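Enquirer: Numbering (the working numbering), first residue to last: 9 to 361.
#1: From 330, 287 and 318, pick the residue whose C-alpha is nearest to that of residue 351; which is it?
#2: Rank 182, 254, 265 and 268 by C-alpha distance to the C-alpha of residue 293 and give the top, closest one.
#3: For residue 355, name the three-state secondary structure that DSSP assigns.
#4: Looking only at its own chain, which residues have a Cβ that is under 6 Å from the Cβ of residue 215, when we skip the five neighbours before and after it?
#5: Got a sec, what are the start and stop residues for the alpha helix (DSSP H) residue 272 sits in?
#6: List the endpoints of the continuous beta strand (DSSP E) containing residue 245.
#7: Does the beta carbon of residue 121 fall short of 6 Å from some heavy atom of the ligand GDP?
#8: Could you name the residues that DSSP lists as bridge partners for residue 34?
#9: Restricting to Cα atoms, I'd like to know which of 340, 14 and 43 is closest to residue 245.
#10: Nearest to residue 52 by alpha carbon, out of 73, 240 and 29?
#11: Would you say residue 343 and residue 334 are within 7 Å of each other, going by their C-beta atoms?
#12: Counting pairs of beta carbons, one from the region 149 to 156 and one from the region 55 to 66, are three or more of them closer than 8 Å?
#13: Beta strand (DSSP E) containing residue 215: first to last residue?
#14: I'd like to know if the region 109 to 119 and the region 39 to 53 are in contact, where contact means that at least 3 CB-CB pairs between them fall below 8 Å.
#15: Check the DSSP bridge columns for residue 60 and list the partner residues they point to.
#16: Nearest to residue 91 by CA position, among 61, 160, 315 and 66, is which residue?
#17: What residues are listed by DSSP as bridge partners for residue 128?
#18: Report the rounded CA-to-CA distance for residue 95 versus residue 42, giving the unit in angstroms.
#19: Could you check what DSSP says for residue 206 in three-state terms: helix, strand or coil?
#20: Between residue 266 and residue 40, what straight-line distance do the alpha-carbon atoms span, to the nearest angstrom?
#21: What does the alpha-carbon distance come out to for the pair residue 181 and residue 24?
#22: Contact between the region 134 to 146 and the region 74 to 89: three or more CB pairs below 8 Å?
#23: Which two residues bound the contiguous alpha helix (DSSP H) that contains residue 181?
#24: Can residue 158 and residue 268 be called in contact, C-beta distance under 7 Å?
#25: What residue does the alpha helix (DSSP H) around residue 328 start on, and which one ends it?
#26: Who pairs with residue 22 in a beta bridge, going by DSSP?
#27: Considering only the alpha carbon of each residue, which of 223, 270 and 127 lies closest to residue 121?
#28: Quick one: Cα of residue 318 to Cα of residue 162, how far?
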C-alpha cells in the first residue's frame, strides 16, 4: 500500500469513535522523541507541532512504550484521567482539537523505537467503547504483517538521489536500524565487515567505523528519522588514508513514501564502494571521487608530468583557476599535498585520456 492508501485506511478507522482522528506514529523512549507519520483529521501544522514540541511531553507514551505489543487498550490504561487533565499535553494540544480520549496499540517495538496506532476521540469514556477496541484488535495481525512485508523489501534507492548505481554488483549494501544494528547486508558488504578495515560490527550486530564523523552522521540520521518532512541529505565519506586506498561510504536516509517509512522504521542504507582492485581509466577515477571534468583534466595532466603553469597555458585559463581545481580535487580525494594526489592517480589510473 502506498501513502495515500494508508491515509484512506486511517479515514476508515475514524468511524470507530465519535469525532475521531487517527494516526500511525512512532515514539523513541530513550530519546523522548516522536512524530505523526500519517494522519486522518489532524492538521499538518499540529502534526509538525507534535514532532517539535509535544512528543517529549506526551504522558501516554510511558505506558505505551511498556505495554504488550499488539494489545489494544483505552487511554486510561496508560494514564489516570486526573493526571491527563493536569498535563500541558492535554490542555495545549489535545483539548484545542476537541480530543478527550483515545484507544491505541503498540504495533511493533525495536529497541526503544515504538511504532503505534492511535484513534483519538471527543469522548472521554473510551474504556466503554468495547466494540471499537475489538474492531481495532481484529486488524492488528494484518498491520503487524505489513512490518514484515516492508522490512523484507530492499531499501528503495534511486540513483538520482544517491548518484550511484547501487545494484551494479561492485558495491556493498548495508541496512542499519535503531542503535546502528545491522538488519541486512549483501555478500560484498559481509566481506567488508569481516575484514574490519573501514567498517566492522560488534558481537551485538552494531555497526562501527574507523571514521567517527561517519558514525556521528549515521547516529544523527537515525535520531532525526521521521521527525521532519524534509529529507536528510545524502552524504559520502572516504575511509582510509594514503598509502591505503580509500573506501567510499554513502549514507542514505530518505524514503519518499511515508507509509513505507513508517513500517520500515528508523533505517539508513549504506552504499560501500571498495577501492578499485585494478587500474582504471581517469574517467572511472573521476566517477569514484566525484570530480568535475575540469578537476579530472588537472589530475590527469599532473599525473602525466605537466606543471601547473603548463596546464594553465594549454587550457587557456589562469594559474589561479588551475590551483582552485587542484584544491578541490585534493579535498575530494582526501590528499594533503599535490605529490600525494599525483601518487594516487598514478597508483589507480592506467591511462589519462
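Here a beta-carbon is modelled for each residue, glycine too, at the ideal position from N, C-alpha and C.
Predicted model only: the values in this text are computed from it and were never measured.
Expert: This is what the structure holds:
#1: Checked all of 330, 287 and 318; the closest Cα to residue 351 is 287.
#2: Of all alpha-carbon atoms in 182, 254, 265 and 268, the one lying nearest the alpha-carbon of residue 293 is that of 254.
#3: Here residue 355 sits in helix by DSSP.
#4: Taken in chain order, the residues that qualify are 184, 188, 190 and 209.
#5: 266 to 272 is the span of the alpha helix (DSSP H), which, as asked, contains residue 272.
#6: For residue 245, the enclosing beta strand (DSSP E) has its first and last residue at 243 to 247.
#7: This structure simply doesn't include the ligand GDP, nor any ligand for that matter.
#8: Bridge partners of residue 34: 43 and 123.
#9: It is 340 whose Cα lies nearest to the Cα of residue 245.
#10: Minimum Cα distance to residue 52 is reached at 29.
#11: Not closer than 7 Å, so no.
#12: Counting Cβ pairs under 8 Å, fewer than three are found: no touch.
#13: For residue 215, the enclosing beta strand (DSSP E) covers residues 215 to 217.
#14: Contact between the region 109 to 119 and the region 39 to 53 is not established, with fewer than three Cβ pairs separated by less than 8 Å.
#15: For residue 60, which the question treats as bridged, DSSP gives no partner whatsoever.
#16: The shortest CA-to-CA distance from residue 91 to any of 61, 160, 315 and 66 is the one to 66.
#17: Beta-bridge pairing links residue 128 to 29 and 110.
#18: Straight-line measurement puts the Cα of residue 42 at about 18 Å from the Cα of residue 95.
#19: Here residue 206 sits in coil by DSSP.
#20: Taking the straight line from one Cα to the other gives about 21 Å.
#21: Residue 181 and residue 24: Cα-Cα distance of roughly 43 Å.
#22: Segments in contact, yes.
#23: Per DSSP, residue 181 belongs to no alpha helix (DSSP H); it is in the beta strand (DSSP E), 180 to 184.
#24: Between residue 158 and residue 268, the CB-CB gap stays under 7 Å.
#25: From DSSP, the alpha helix (DSSP H) with residue 328 extends over 327 to 341.
#26: Bridge pairing for residue 22: absent [DSSP].
#27: If you compare the alpha carbons of 223, 270 and 127 with that of residue 121, the shortest gap goes to 270.
#28: In a straight line, the C-alpha of residue 318 is about 50 Å away from that of residue 162.
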